[in-house]
Amino acid sequence: MSVLDIDFVRAQFPAFAEPSLEGQAFFENAGGSYTCRHVIDRLTRFYTQRKVQPYAPYEASRLGGEEMDEARARLAALMGVATDELSFGPSTTQNTYVLAQAFRKFMKPGEAIVVTNQDHEANTGPWRRLAEEGIEIREWQLDPQTGHLDVAHLETLLDEKVRLVCFPHCSNVVGEINPVAEITAMAHAAGAFVCVDGVSYAPHGLPNVDELGADIYLFSSYKTYGPHQGVMVIRRALGGLLPNQAHYFNAGDLYKRFTPAGPDHAQVAASAGMADYFEALAAHHGHSGTAAETGAFVHDLMRAHEVKLLQPLLDAVKDRNDVRLLGPAQAETRAPTVALALNRAAEPVAAQLAEFGIMTSGGDFYAVRALEAMGIDPAEGVLRISFTHYTSEAEVAKLIEALDRVL
Ligand SMILES: Cc1ncc(COP(=O)(O)O)c(C=O)c1O
133 MSVLDIDFVR AQFPAFAEPS LEGQAFFENA GGSYTCRHVI DRLTRFYTQR KVQPYAPYEA
193 SRLGGEEMDE ARARLAALMG VATDELSFGP STTQNTYVLA QAFRKFMKPG EAIVVTNQDH
253 EANTGPWRRL AEEGIEIREW QLDPQTGHLD VAHLETLLDE KVRLVCFPHC SNVVGEINPV
313 AEITAMAHAA GAFVCVDGVS YAPHGLPNVD ELGADIYLFS SYKTYGPHQG VMVIRRALGG
373 LLPNQAHYFN AGDLYKRFTP AGPDHAQVAA SAGMADYFEA LAAHHGHSGT AAETGAFVHD
433 LMRAHEVKLL QPLLDAVKDR NDVRLLGPAQ AETRAPTVAL ALNRAAEPVA AQLAEFGIMT
493 SGGDFYAVRA LEAMGIDPAE GVLRISFTHY TSEAEVAKLI EALDRVL
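Sequence positions in the sequence shown follow our numbering and run 133 to 539.
This is the structure we're talking about:
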């Protein structure tokens, strides 16, 4: 297994060479990541050379349209799905909102949806609103101590009435990686579809959605080194069943059915830069193979680096009396998104950390239900420390030292 070349990685992100950010260690990646140069270059090129209505037969327009198609094709291939199964919306929250409108018509009163109280509000609130149509909402509840979602509990919520199970690949405050393939298999066996919020997971390696078996998989490209978009995979079998949410004459195009607004041309086109980056990363580390193999290679490369850096941070906070670590203390089982409850307001602590050149944030991170279920006052919030594969060992050491000063 290759070891991540961190110098190469950081050279792909202009933020690391930006004088105004020098000396600042970035630990709020779960809020939004730095952008790789490939995306920035494509965005600049689009705005300077192709800022016209795409898909017309003149050169600038043809190229713009081709780049938008390229983004869908290459990201879909990295994730093991067909090109028209991947689409872009303004954000994950808007994507779930549109999907919920489709399920509103698709489902009948008396049928049920399973939601969790571990999710960010984006993948739970829109679904809960379907109670207005007489749809039963069943809550898969996290363990109030650990934040863990127990699949044995899900088993008791599933029966023939359930049409959809919504859950996160990993919560943006608990951080534990949920067993998506296992949960999906259980839901499918009960005759239900699944909608997986991958927003907190995808920055740590794009998953192979075909292998996971998920019917819907969502992530936000602005947290995954790209522009501000919501990326949505909807498998064909489900996408064809759900009622079209776009203009009636676009119903035949799967990738248009659940994105009723006109797309943000430049940002969709620039998203191909995420694929450029992942492929460049794989090539630099000596890998070659199919797109899906490249996706898997990059995923494992990133994860290994993150797990190595994460364990010392978890070790530094897990036994402190003044800190409650949410989620597991073993790096292998979680993403490097570490929320700490401090028994006091978290934001002033983030402000103190900023004085030591550590960028973090405090708050509820729209995971209000999860915090409340764990007995944490959302108004106090949690201090959230989140990093990715581009974070260095030295930055984690600096963070641990700063935490020691301010906690
Ligand atoms: C886990 C999770 N899901 C969903 C969202 C919402 O994503 P978006 O900002 O694209 O609507 C966020 C954003 O913070 C998130 O962290």
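The C-beta atom is built at its ideal place from N, Cα and C for all residues, glycine as well.
Alpha carbon of residue i to alpha carbon of residue j, nearest angstrom
{"i": "Thr422", "j": "Arg169", "result": "23 Å"}
{"i": "Glu243", "j": "Phe325", "result": "13 Å"}
{"i": "Ile309", "j": "Ala192", "result": "43 Å"}
{"i": "Glu479", "j": "Pro510", "result": "12 Å"}
{"i": "Glu154", "j": "Tyr166", "result": "14 Å"}
{"i": "Pro395", "j": "Glu198", "result": "14 Å"}
{"i": "Cys298", "j": "Pro189", "result": "42 Å"}
{"i": "Gln250", "j": "Glu504", "result": "10 Å"}
{"i": "Arg476", "j": "Thr316", "result": "38 Å"}
{"i": "Ala461", "j": "Thr248", "result": "22 Å"}
{"i": "Val449", "j": "His280", "result": "19 Å"}
{"i": "His285", "j": "Ala412", "result": "42 Å"}
{"i": "Gln156", "j": "Asp139", "result": "17 Å"}
{"i": "Pro444", "j": "Asp385", "result": "48 Å"}
{"i": "Gln277", "j": "Gly459", "result": "9 Å"}
{"i": "Ala534", "j": "Val528", "result": "10 Å"}
{"i": "Ile172", "j": "Phe429", "result": "24 Å"}
{"i": "Val213", "j": "Gln185", "result": "28 Å"}
{"i": "Met200", "j": "Leu373", "result": "26 Å"}
Opposing strand residues paired with residue i [DSSP bridges]
{"i": "Arg261", "result": "BP columns for Arg261 are empty, so no partner."}
{"i": "Glu268", "result": "Ala244"}
{"i": "Ala234", "result": "According to DSSP, which records beta bridges pairwise, Ala234 is partnered with nothing at all."}
{"i": "Ile309", "result": "Cys302"}
{"i": "Ser604", "result": "Nothing in the structure corresponds to residue 604, since the chain is present only between 133 and 539."}
{"i": "Gly221", "result": "Gly362"}
{"i": "Thr469", "result": "Ser518"}
{"i": "Ala383", "result": "The partner list for Ala383 (beta bridge, DSSP) is empty, contrary to what the question assumes."}
{"i": "Ala157", "result": "Ile490"}
{"i": "Arg456", "result": "Ala473"}
{"i": "Gly495", "result": "Val514"}
{"i": "Asp329", "result": "Pro300 and Leu350"}
{"i": "Val294", "result": "Ala244"}
Contact under 9 Å by Cβ, residue i with residue j
{"i": "Tyr354", "j": "Glu217", "result": "no"}
{"i": "Phe178", "j": "Ala486", "result": "no"}
{"i": "Gly495", "j": "Gly513", "result": "yes"}
{"i": "Met211", "j": "Tyr349", "result": "yes"}
{"i": "Gly345", "j": "Val294", "result": "no"}
{"i": "Leu472", "j": "Leu457", "result": "yes"}
{"i": "Leu136", "j": "His437", "result": "yes"}
{"i": "His419", "j": "Val141", "result": "no"}
heavy atom of ligand 1 below 8 Å from residue i C-beta
{"i": "Ser303", "result": "yes"}
{"i": "Phe159", "result": "no"}
{"i": "Thr225", "result": "yes"}
{"i": "Phe488", "result": "no"}
{"i": "Pro300", "result": "yes"}
{"i": "Tyr166", "result": "no"}
{"i": "Asn255", "result": "yes"}
{"i": "His252", "result": "yes"}
{"i": "Ala162", "result": "yes"}
{"i": "Tyr349", "result": "no"}
{"i": "Phe519", "result": "no"}
{"i": "Phe325", "result": "no"}
{"i": "Asp329", "result": "yes"}
{"i": "Phe497", "result": "yes"}
{"i": "Ser420", "result": "no"}
{"i": "Ser352", "result": "yes"}
{"i": "Gly337", "result": "no"}
{"i": "Ser332", "result": "yes"}
Spatially closest choice to residue i from the options, by CA coordinates
{"i": "Ser303", "options": "Ala321, Asp329, Leu296 and Asp536", "result": "Asp329"}
{"i": "Pro146", "options": "Met364, Met200 and Tyr409", "result": "Tyr409"}
{"i": "Thr215", "options": "Asn161, Leu373 and Arg206", "result": "Arg206"}
{"i": "Gln361", "options": "Val455, Phe220, Pro276 and Phe140", "result": "Phe220"}
{"i": "Thr228", "options": "Asp454, His419, Ala436 and Phe351", "result": "Phe351"}
{"i": "Pro222", "options": "Arg501, Phe390, Tyr357 and Gly266", "result": "Phe390"}
{"i": "Glu343", "options": "Glu265, Gly418 and Ala424", "result": "Ala424"}
{"i": "Phe235", "options": "Arg204, Tyr357, Gly371 and Glu292", "result": "Gly371"}
{"i": "Gly257", "options": "Asp291, Ala402 and Ala499", "result": "Ala499"}
{"i": "Leu531", "options": "Ala463, Leu446, Phe497 and Arg466", "result": "Leu446"}
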